[in-house]
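One structure is given below, encoded as structure tokens.
Protein chains in written order, with this note's numbering: chain A, 7 to 135; chain B, 1063 to 1479.
Listed below in structure tokens is the structure:
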């Protein structure tokens, strides 16, 4: 079964941690990534940009002829923001939880949520910025 | 259990919002600051033992209100029963009430007011920045004194005086009219960019302090954009700061000398900041309300996305400077446009644009260095030398002087051959 491990935290907190704590956090990520790549259990790993870069597209009520609205900002104003996710292949939710525990949890909370369907093709991110 | 580094990170991130809300609540900035300090002490005590609150900003606001009420009581010299600082995270009623406030427009105006307080027109630019660093960012007086290279005692006096003047704005709690809000926003944007430039342009002070000034300016720009999500110029401000800051590792050489753009190692540029800056400009331009920050950010983006100096799209830069000149006519922008023209059309065409600026920019160092570079290209070494000498006479910084002299030396060598 595929599980997503969704990471939430307050934007702007991680970067205010002392440098050695930031490094320790990042090391947990890279260690876990190395581990998961070695076991072949990992799919996409995504870090999202700041929510200020987001736009939200909303459709009008059914029957309306207006085009969808594009609003600046994230879909929901929340205390904690969705920062990124891992997708992992695990036999049981217990195993996924054990993986989630290896993430740096000092300034983040993670949600383990099974994936119903996964499709699409691998992609090369445009490197030109 | 939470360590102090983590607690400090949450408190600093919550500071502008919490302090702004407390100022509204008490209607007195000085008192709000006092209550906030006390709330921070309570946060350190409680969070060290029980872990960090689920909503640190709301927790600090509630604790700050309680602390303020305690302070008032003790000042009235009545026997006090201290309100508990143990605020249950599960008390949904209180938190919902506070969270509602955080989302409202009133609250947005509170933070804007706090920032605008630092832009009081009677304050000199340097004092505006010192005040913003002290109040909004939460720097210590010692840190600010180091950034501006003054004695802590003198800095403390400056900040106290500035605060006294500016508190009038913080304590004025009327809701600003849309026109007033726009004016406040422009003033705050300018102040944040000034703060960024204090770190970016200064060639004095310790490198890490200068970098932290840039980072704090970027944080303030992010805060402002979170509150005013649809404001294209705020997007432009953040993009501009991110794009400039993306190059800092390449800008400062091993000897602490500034490395000019065309000589920087582009591998040291931070791609993630460049990407974010570019996205923000794209977002801003969709709004169809161009402004000087957006255009300057777009120019920075053209530089940042060129993989080599040669690949820079100078035609685009020329067009953008032309647009900037329409919105914000200034001889310095005309000079920058001429530099782009020298790349697209040639040195002679650029010189024809530069020479008419001579009167207006007689005392502007970069006018003379630009002129000199064009004259070298046009093989007029004597005139170029004069221009460099004029530049040296205009009090360049040490780094600039070294750079100009190295240019003169290299071209002396060339003319010998």
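Each residue gets a CB set at the ideal place from its N, CA and C atoms; glycine is no exception.
If you draw a straight line from the Cα of residue 1126 of chain B to the Cα of residue 1459 of chain B, it comes to about 46 Å.
With 16 or more neighbouring CB atoms inside 10 Å of its own CB, residue 1182 of chain B falls in the buried class. Here the alpha carbons of residue 1361 of chain B and residue 1377 of chain B stand approximately 11 Å from one another. Under the Cβ distance rule, residue 1414 of chain B does not count among the residues neighbouring chain A, no pair being separated by less than 8 Å.
At a cut-off of 8 Å between C-beta atoms, residue 56 of chain A counts as an interface residue with respect to chain B.
In the structure shown, the three-state DSSP call for residue 20 of chain A is helix. The beta-carbon of residue 15 of chain A is placed no less than 8 Å from the nearest beta-carbon of chain B.
Shown here for residue 16 of chain A: same chain residues with a beta carbon closer than 8 Å to its own, the five before and five after excluded, namely 85, 86, 87 and 113 in chain order. Here residue 1213 of chain B carries a coil assignment [DSSP, helix/strand/coil].
Between the region 1289-1296 of chain B and the region 1347-1360 of chain B there are three or more C-beta pairs closer than 8 Å, enough to call the two in contact. Counting the other CB atoms within 10 Å of its CB gives residue 1270 of chain B a total below 16, which places it among the exposed residues. In this structure, residue 116 of chain A and residue 11 of chain A form a Cβ contact; the two beta carbons are roughly 5 Å apart against a cut-off of 8 Å. Under the three-pair Cβ rule at 8 Å, the region 1460-1474 of chain B counts as touching the region 1433-1448 of chain B. Beta bridge pairing from DSSP links residue 91 of chain A with A:12 and A:52. Counting only the Cα atoms, residue 1198 of chain B lies some 14 Å from residue 1171 of chain B. Only residues of its own chain outside the window of five on either side were considered, and among them 17 have a CB closer than 7 Å to the CB of residue 56 of chain A, listed in chain order. Chain A places no beta carbon closer than 8 Å to that of residue 1079 of chain B, leaving this residue out of the contacts. Not a single CB atom of chain A sits nearer than 8 Å to the CB of residue 1350 of chain B. A residue is called buried when at least 16 other Cβ atoms come within 10 angstroms of its Cβ; residue 1066 of chain B does not meet this threshold and is exposed. In the three-state DSSP reduction, residue 1090 of chain B falls in the coil class, being neither helix nor strand.
Its chain contains 1363 as the residues whose beta carbon lies nearer than 6 Å to that of residue 1340 of chain B, once the 5 sequence neighbours on both sides are disregarded; these appear in chain order.
Around residue 1304 of chain B, the same chain offers 1335, 1338 and 1339 as residues with beta carbons nearer than 6 Å, after the five sequence neighbours per side are excluded. The region 1242-1257 of chain B makes contact with the region 1174-1190 of chain B: 3 or more CB pairs, one atom from each, lie closer than 8 Å. In this structure residue 1211 of chain B does not touch residue 1196 of chain B by the C-beta definition: roughly 16 Å separates them, more than the 8 Å allowed. With a threshold of 8 Å between beta carbons, residue 1213 of chain B makes no contact with chain A. Distances from the alpha-carbon of residue 127 of chain A to those of A:34, A:68 and A:49 put A:49 closest. Taking the Cα positions, residue 1193 of chain B is about 7 Å away from residue 1225 of chain B. Below 8 Å, enough C-beta pairs join the region 1114-1124 of chain B and the region 1066-1080 of chain B to call them touching: three or more. Residue 1217 of chain B sits buried, since 16 or more C-beta atoms from the chains shown fall within 10 Å of its C-beta. For residue 63 of chain A, the enclosing beta strand (DSSP E) covers residues 61-64.
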